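Numbering (our numbering), first residue to last: 78 to 292. Using N, Cα and C, we set each Cβ at its ideal position, and we do this for glycine too. If you're wondering where the values come from, they're calculated on a predicted model, not measured in any experiment. Inspection log for the structure reproduced underneath, given as C-alpha cells.
This is the structure in C-alpha cells:
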C-alpha cells in the first residue's frame, strides 16, 4: 500500500481515501499510484466533490484486490469484499473505494447513505464501483458513490421520491431523463458522464458535516 497524494493543508477539511483496484487491470501496488487511470479517477473525485465542498484530499492509499474480486456477481460478494479488505487508513477515517472490472448487478454500490463513519471490516465499510472505460468516466461514478457514503441520497429516485434536502431540484413524474431539472446534479440516479455535474449548497453542507472529515 502506498500514499500517492499528500494532504492539502489550506482546505476546510480533509478526506482520506483507500482505493483498491482489480488485479485484472494489470497494475501493482508499485505501478498503480502513477497510472493515468488512477490519476484520472482521483482527479474527478477532487473536481466534482472535494473542491466544490471546499475540502481537500488527505492521504490517498492504493492497493490491489485479489483476483477473486475482479468480477463481483451480487451484493453478497460486495459485502464480503467490504468486510475483508476495508482499511482505516492513517487517521482511521478513510473512505474505502474498490474498483472492479465488472460489478454485475449494478454500476456502483455504496455501503450506506451515509456509510458507517470510522467503522471498518463490516459489510457496509466500502464502496464498490465498476470500471467504466477510462479513469475519467470511472472517476465520475466514484464521486457519485462517495457522495452517497458521505450522506447524500439521489435527488429524485426512479420511483419519484426525492431526497430530504430542500434546495435540490425534483424531477416531475413522466419527465424525460434529460429534461429533469436535477439531471446534471452529481447525485441524480442517471447522471451523465460529464465533468460539469454540480452539488447544491445544502448537499455540500451535508458532506462537510460528515465525521469522516478531519482537519
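*Where residue 230 and residue 270 are concerned, what is the direct C-alpha to C-alpha distance, given to the nearest angstrom?*
Looking up residue 230 in the chain shown gives position 153. Looking up residue 270 in the chain shown gives position 193. So the alpha carbons of these two residues sit roughly 18 Å apart.
Same chain only: Cβ atoms within 8 Å of residue 151, ignoring 5 sequence neighbours per side: Position 74 of the chain shown, counting from 1, holds the residue named residue 151. Counting only Cβ-Cβ distances below 8 Å, and skipping sequence neighbours, we find 181 and 182.
Exercise. Ordered along the chain, which non-local residues of its own chain (more than five positions away) have a Cβ less than 8 Å from that of residue 228?
Worked result: The residue given as residue 228 occupies position 151 in the chain shown. Cβ neighbours of residue 228 beyond the five flanking positions: 190, 191, 283, 284, 286 and 287.
* Asked: Where do the ends of the alpha helix (DSSP H) carrying residue 311 lie?
  -> Lying outside 78 to 292, the shown extent of the chain, residue 311 is not represented and no answer is given.
With the cut-off set at 8 Å, would you say residue 205 and residue 225 are in Cβ contact?
If you number the chain shown from 1, residue 205 lands on position 128. If you number the chain shown from 1, residue 225 lands on position 148. In this structure, residue 225 does not lie closer than 8 Å to residue 205 by Cβ.
Which residues in the same chain have their Cβ closer than 7 Å to the Cβ of residue 164, if we skip the five residues on either side of it in sequence?
As a first step, residue 164 is located in the chain shown; it is residue number 87 there, counting from the start. Correct list, in chain order: 95, 171, 173 and 197.
Given a cut-off of 8 Å on the beta-carbon distance, is the pair residue 115 and residue 139 in contact? Residue numbering aside, residue 115 sits at position 38 when the chain shown is read from its first letter. Residue numbering aside, residue 139 sits at position 62 when the chain shown is read from its first letter. Against a cut-off of 8 Å, the Cβ pair of residue 139 and residue 115 comes out as a contact.
- Cβ contact (3+ pairs, closer than 8 Å) linking the region 207 to 219 and the region 246 to 262: no
- Task: Determine the extent of the beta strand (DSSP E) in which residue 96 is found, giving its start and end residues.
- Result: Counting from 1 along the chain shown, the entry for residue 96 is found at position 19. Its beta strand (DSSP E) spans residues 91 to 98.
Worksheet item: How would you label residue 262, buried or exposed, when you count the other beta carbons within 10 angstroms and need 16 or more for buried?
Response: The residue given as residue 262 occupies position 185 in the chain shown. Result: buried.
- Task: Compute the Euclidean distance between the alpha carbons of residue 166 and residue 276, then round it to the nearest angstrom.
- Result: In the chain shown, the residue the question calls residue 166 occupies position 89. In the chain shown, the residue the question calls residue 276 occupies position 199. Those two C-alpha atoms are separated by around 27 Å.
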